[in-house]
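A.B. asks:
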Amino acid sequence: MSRIVYVNGRFVPEAEAHVSIFDRGFLFADGVYEVSSVLDGGLVDNAAHLARLERSLGALGMASPAAPEEIVRAQKELIARNDLDEGVVYLQITRGPADRDFAYPAVPRPTLVMFTQEKALVDNPLAAHGIRVVTVPDVRWKHRDVKTVGLLAASMAKQAALDAGADDAWMVEDGFVTEGSSNNAYIVTGDGVVVTRHLGREILHGITRSVVLALARERQITIEERPFTVQEAKDAAEAFITSASTFVLPVVGIDGEKVGDGTPGPVTRRLREIYVESARAGIDR
Ligand code: PDD
């Protein structure tokens, strides 16, 4: 099935969508992106994704080629044209085409592309059984709070996990878990305390993370935002990840060792439930 995608203001069949080989996104990974989930044909947490997009653009000294209202209109039109009920809308802005030069072009012509992907987010089979992760060194750059398309290290981490027979990788720096290859990482202690790394340049400030932590706090679940070690994670009662494309997903194994009893734990299952409920209640059609 051919999708309709968005390229610089136009809606075109995917086979007809083109970006220049001189695009700085292609040559320098000079671009930023967002992934917003879609439930019941509507956008989830999208305003927060677009606010983070602005921050990422600002960090790279890039201006958006479209106002947020135009972006939202285009996202909704893509959802409608592709008849998307559940999945994600991917959005990418690069500094655009320019003759190859490390210096930024004086007058950039940014590229804005968007496309949809269908995905079973709520009835994700991994939610019932949980995923297994392996730990790998975090070899990414030092501005992980900026959501750039420079994703090779994350992609290598994910592939290393699959090659090892696991589902995903948790990245480790100075003995502490930073985050997953494309998600934030959490453990739940024996006393039911949810622990996740504090915000900083070492991790992406996940939108799902901020919503899940707020929902948890409203329900009197204690949160500790601090680094945790791999050993602490292996000894934890539960572990999970969050992202726009996974929501809350249980982690049941780390480096071949069971977390808790090796099945999704009650705190994780509850947080997934309340996140999905709140996402459905707040969708933007
Ligand atoms: N990834 N950490 C990293 C490194 C990520 O790439 C992501 C998201 C997250 C979670 O952020 P959010 O809750 O805002 O989705 C954390 C997206 C889904 C992706 O690259 O496909």
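Add 15 to a position in the sequence shown, counting from 1, and you land on the number used in this note's numbering. Note that the Cβ used here is the ideal one computed from N, Cα and C, for glycine as well.
(1) Quick one: using the 10 Å Cβ neighbour count with 16 as the cut-off for buried, is Ala121 buried or exposed?
(2) What whole-angstrom Cβ distance do Thr150 and Ile94 have, given they're in contact under 8 Å?
(3) When DSSP labels each residue in this structure, what does Glu239 get in the three-state scheme?
(4) Does the beta carbon of Ile222 fall short of 8 Å from some heavy atom of the ligand PDD?
(5) Per DSSP, Trp185 forms a beta bridge with which residues?
(6) Using a Cβ-Cβ cutoff of less than 7 Å, which residues in the same chain neighbour Leu99 once the five nearest sequence positions on both sides are dropped?
(7) Return the Cβ separation of Leu106 and Tyr48 in integer angstroms, given the expectation that the two are a contact with Cβ distance under 8 Å.
(8) List in chain order: all unbroken alpha helix (DSSP H) runs of 4+ residues lying wholly within the segment 93-168.
(9) Check this for me: beta carbons of Ile298 and Val59, under 9 Å apart or not?
(10) What residues are listed by DSSP as bridge partners for Lys273?
(11) Considering Gly40, what are the terminal residues of the beta strand (DSSP E) in which it resides?
(12) The beta strand (DSSP E) spanning Tyr69 covers which residue range?
(13) Rounded to the nearest angstrom, what separates Asn115 and Leu72 at their Cα positions?
(14) With contact counted as at least three CB pairs below 8 Å, one residue from each stretch, are the segment 258-274 and the segment 147-162 in contact?
(15) Could you name the residues of the same chain whose beta carbon sits closer than 8 Å to that of Arg212, not counting the 5 residues immediately before and after it, in chain order?
(16) Which of the three DSSP states is assigned to Glu288 in this structure?
(17) Return the bridge partner residues of Arg25 from the DSSP annotation.
(18) Would you kindly report the start and end of the unbroken alpha helix (DSSP H) that includes Leu230?
C.D. replies: In brief:
(1) exposed
(2) No, Thr150 and Ile94 are not in contact; Cβ-Cβ is about 37 Å, not under 8 Å.
(3) strand
(4) yes
(5) Thr150, Gly195
(6) Val53, Gly56, Thr131, Glu133
(7) 6 Å
(8) 140-144
(9) yes
(10) Gly268
(11) Unbroken run through Gly40 is the alpha helix (DSSP H), 39-43; no beta strand (DSSP E).
(12) First, the amino acid is wrong: residue 69 is Glu here, not Tyr. No beta strand (DSSP E) contains Glu69, which is instead part of the alpha helix (DSSP H) from 61-74.
(13) In the sequence as displayed, the identity of residue 115 is Arg instead of Asn. Arg115 and Leu72: Cα-Cα distance of roughly 21 Å.
(14) yes
(15) Phe191, Val192, Thr193, Glu194, Asn199, Ala200, Ile218, Glu240, Arg241, Pro242, Phe243
(16) helix
(17) Val22
(18) 222-233
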